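To start, the structure itself, in structure tokens.
2 protein chains.
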Amino acid sequence: MPTLKTTPKRGRPQTLDRDAVLKIALTSYWTGGPTRVAISHICKEADVSKPSLYREFGSDDGLKAAVLDLYSELVLGPFHNILTSNEGFAQQIEALIAFTVQDRKSLGIPSGCLQVAMRAHREDLGKVTGNKVDMLRSQTLRNYEAWIERAKSRGEFKAEIPTQAAALFCDAQNGGAMRMQREGIPNEIIKQTLTHAFSTFA
Amino acid sequence: MPTLKTTPKRGRPQTLDRDAVLKIALTSYWTGGPTRVAISHICKEADVSKPSLYREFGSDDGLKAAVLDLYSELVLGPFHNILTSNEGFAQQIEALIAFTVQDRKSLGIPSGCLQVAMRAHREDLGKVTGNKVDMLRSQTLRNYEAWIERAKSRGEFKAEIPTQAAALFCDAQNGGAMRMQREGIPNEIIKQTLTHAFSTFA
DNA sequence: ATAATTTCGTAACTATCGGTACAATATGAA
DNA sequence: TTCATATTGTACCGATAGTTACGAAATTAT
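Here the protein sequences come in this chain order: A and B.
Letter by letter, the first sequence follows residues 12 to 213 in my numbering.
Letter by letter, the second sequence follows residues 12 to 213 in my numbering.
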């Protein structure tokens, strides 16, 4: 939803661009790690004063939570779309792998996954962000489960493994791939591990 | 190697028990996370003053490195022993899974894996510990690779996947299992994911 | 113009944590 | 007994990071 023009308010006009700050914060957290980037650093990058940022997001916790929402919309959404597409199971798997191992550098996208990183640092996050991470994780597992159940009901799922365990398996593969990517392991090798992992399903 | 009795030295006798401190630090880092436990906390737990601890280990970095060495000896060693045992491949896999999903609570062992945790917080560690984490990771992968090559040469390895990718796959499964364990997922479910993952090999 | 209102940013405050100065203490040697 | 030596622990230092008090600045309403 675009920032709809409200009638001009009283007081000094706001110069802080919420979306711009969020985008910069997203990139910073994604690249440098959500617990390693200081508020002051984001302020410098976005050319915004600290009180301005606090006025907009309330706290470090609030900013991280807002960033996580944005990440969910930008990355997790498209990922979920693959799971619910009309393609066959095997093609969906192929699409998932392609999405995961796409060349980030050429696209200007940081390597790794912010959700995975936030889960790894779950205990260092604030209350709001921490809860959001938990919710997102549950949702991710539910998405996998629905995807697998659908494939099972279609007879496209070949493995004999309970849906819950299969969903956890998928999540582990994705997490592993994201970690390998951050460690600099070539996408081609990562693709081999993912292909092997999912070859057990279809 | 036991602390062999040296001839009584001059000066005030040392009351600090290095091994006791290391053990307490290991448990603290393992349970609470290597970057979340403060030096002062370990001092309180071990009933040791900060300067004493610094005299013994040099720095936060030095203590963490020493703890990682102990962990390697206590946990990673036995794990590696399974990979080099004289059992068949399938039995080794079974042993690995059993080792991973053994009931920690009843054994008084913290859940999760300190090596996995340290890798997740690699960037927050000091120089010495960080390098040690890297070395340990390389060694882990080499161990898996040797294990897989051996199984391949015996004809016990059924999957068509390059050894390097297979080793990374193994490491990812183990890491995933350790993370699930920390998140409180029942060992029975974790076992299902591991069994499925390794069923592709033998 | 003047007042009311809202946002702006400098400059501090506070807590935490890794690290250390230093004086007291406890031993062996002379 | 006295000196040399080595360890102990209290209390402090310095850096970092999240957070905020407060006065200046910019705009609308009267």
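Beta carbons: idealized from backbone N, C-alpha and C, even for Gly.
Remember, it's a predicted structure, so these values are computed and weren't measured experimentally.
Cross-chain neighbours of residue i in chain A, by beta carbon under 9 Å
| i | result |
| --- | --- |
| Pro173 (chain B) | Ile200, Gln203 |
Cα-Cα separation, residue i to residue j
| i | j | result |
| --- | --- | --- |
| Gly119 (chain B) | Lys34 (chain A) | 45 Å |
| Asp182 (chain A) | Leu27 (chain A) | 37 Å |
| Thr42 (chain A) | Arg148 (chain B) | 22 Å |
| Gly137 (chain B) | Ala101 (chain A) | 44 Å |
| Ala162 (chain B) | Lys169 (chain B) | 9 Å |
| Val144 (chain B) | Gln126 (chain B) | 7 Å |
| Thr14 (chain A) | Ser60 (chain A) | For Thr14 (chain A), the predicted structure reports a pLDDT of 44, less than 50, and the residue's modelled location is therefore unreliable. The matter cannot be settled from this model. |
| Glu171 (chain B) | Ala57 (chain A) | 49 Å |
| Phe45 (chain B) | Pro197 (chain B) | The sequence shown places Pro at residue 45 (chain B), not Phe. Near 24 Å, if we compare the C-alpha coordinates of Pro197 (chain B) and Pro45 (chain B). |
| Gln184 (chain B) | Leu107 (chain B) | 11 Å |
| Tyr65 (chain A) | Asp71 (chain A) | 8 Å |
| Phe68 (chain A) | Arg193 (chain B) | 31 Å |
| Ser117 (chain A) | Asn97 (chain B) | 47 Å |
| Gly195 (chain A) | Thr204 (chain B) | 26 Å |
| Met129 (chain B) | Ile104 (chain B) | 25 Å |
| Met189 (chain A) | Pro121 (chain A) | 11 Å |
| Leu79 (chain A) | Thr140 (chain A) | 8 Å |
| Phe90 (chain B) | Gly22 (chain B) | 43 Å |
| Thr211 (chain B) | Phe180 (chain B) | 11 Å |
| Gln113 (chain A) | Gly88 (chain A) | 16 Å |
| Leu37 (chain B) | Val86 (chain A) | 37 Å |
| Thr151 (chain B) | Gln175 (chain B) | 12 Å |
| Phe110 (chain B) | Ile93 (chain B) | 9 Å |
| His207 (chain A) | Ala208 (chain B) | 10 Å |
| Gln25 (chain B) | Val32 (chain B) | 13 Å |
| Ile159 (chain A) | Met191 (chain B) | 20 Å |
| Ala213 (chain A) | Tyr155 (chain B) | 26 Å |
| Ala77 (chain B) | Ile53 (chain B) | 14 Å |
| Pro173 (chain A) | Lys55 (chain A) | 49 Å |
Assigned exposure category for residue i - 16 Cβ within 10 Å defines buried
| i | result |
| --- | --- |
| Gly166 (chain A) | exposed |
| Thr95 (chain B) | exposed |
| Met187 (chain B) | Looking at the sequence provided, one finds Gly at residue 187 (chain B) rather than Met. Per the 10 Å Cβ criterion, buried. |
| Ser83 (chain B) | buried |
| Asn142 (chain A) | exposed |
| Ile201 (chain B) | buried |
| Ala177 (chain B) | buried |
| Ser164 (chain B) | exposed |
| Met146 (chain B) | exposed |
| Arg29 (chain A) | exposed |
| Ser51 (chain B) | exposed |
| Lys75 (chain B) | buried |
| Phe99 (chain B) | For the sequence presented, residue 99 (chain B) should be read as Gly rather than Phe. Under this definition Gly99 (chain B) is an exposed residue. |
| Ala49 (chain B) | exposed |
| Lys20 (chain A) | exposed |
DSSP three-state assignment for residue i, whether helix, strand or coil
| i | result |
| --- | --- |
| Val48 (chain B) | coil |
| His132 (chain B) | coil |
| Lys21 (chain A) | Position check: residue 21 (chain A) holds Arg in this sequence, whereas Lys was assumed. Arg21 (chain A) falls in the coil class under three-state DSSP. |
| Phe212 (chain A) | coil |
| Ser60 (chain B) | coil |
| Asn142 (chain A) | helix |
| Gln113 (chain A) | coil |
| Ala170 (chain A) | coil |
| Gly123 (chain B) | coil |
| Asp28 (chain A) | coil |
| Gly137 (chain B) | coil |
| Glu105 (chain B) | helix |
Per-residue contacts from residue i into chain B (C-beta, under 7 Å)
| i | result |
| --- | --- |
| Glu134 (chain A) | Gly44, Arg47 |
Neighbouring residues, chain B, relative to residue i (Cβ below 9 Å)
| i | result |
| --- | --- |
| Leu179 (chain A) | Gly187, Met191, Ile196, Ile200, Ile201, Gln203, Thr204 |
| His207 (chain A) | Ala170, Glu171, Ile172, Ala176, Ala177, Phe180, Thr211 |
| Ala183 (chain A) | Ala183, Gln184, Gly186, Gly187, Ala188, Arg190, Met191, Thr204, Ala208 |
Chain A residues whose Cβ lies nearer than 7 Å to that of residue i
| i | result |
| --- | --- |
| Ala131 (chain B) | Ala131 |
Under 8 Å by beta carbon: chain B residues contacting residue i
| i | result |
| --- | --- |
| Ala31 (chain A) | Within chain B, no residue comes near Ala31 (chain A); the closest Cβ sits about 26 Å away, beyond 8 Å. |
Per-residue contacts from residue i into chain A (C-beta, under 8 Å)
| i | result |
| --- | --- |
| Gln113 (chain B) | The contacting residues do not exist; Gln113 (chain B) stays about 18 Å from chain A at best. |
Can you list, in chain order, the stretches of the alpha helix (DSSP H) that have 4 or more residues and sit fully within the stretch 59-103 of chain A? List check, alpha helix (DSSP H) in window: 61-68, 71-82, 88-94.
If you scan the stretch 187-211 of chain B from start to end, which runs of the alpha helix (DSSP H) of 4 or more residues do you find wholly inside it? Positions of the alpha helix (DSSP H) runs, each at least 4 residues long and wholly inside the stretch 187-211 of chain B, are given as 198-209 in order along the chain.
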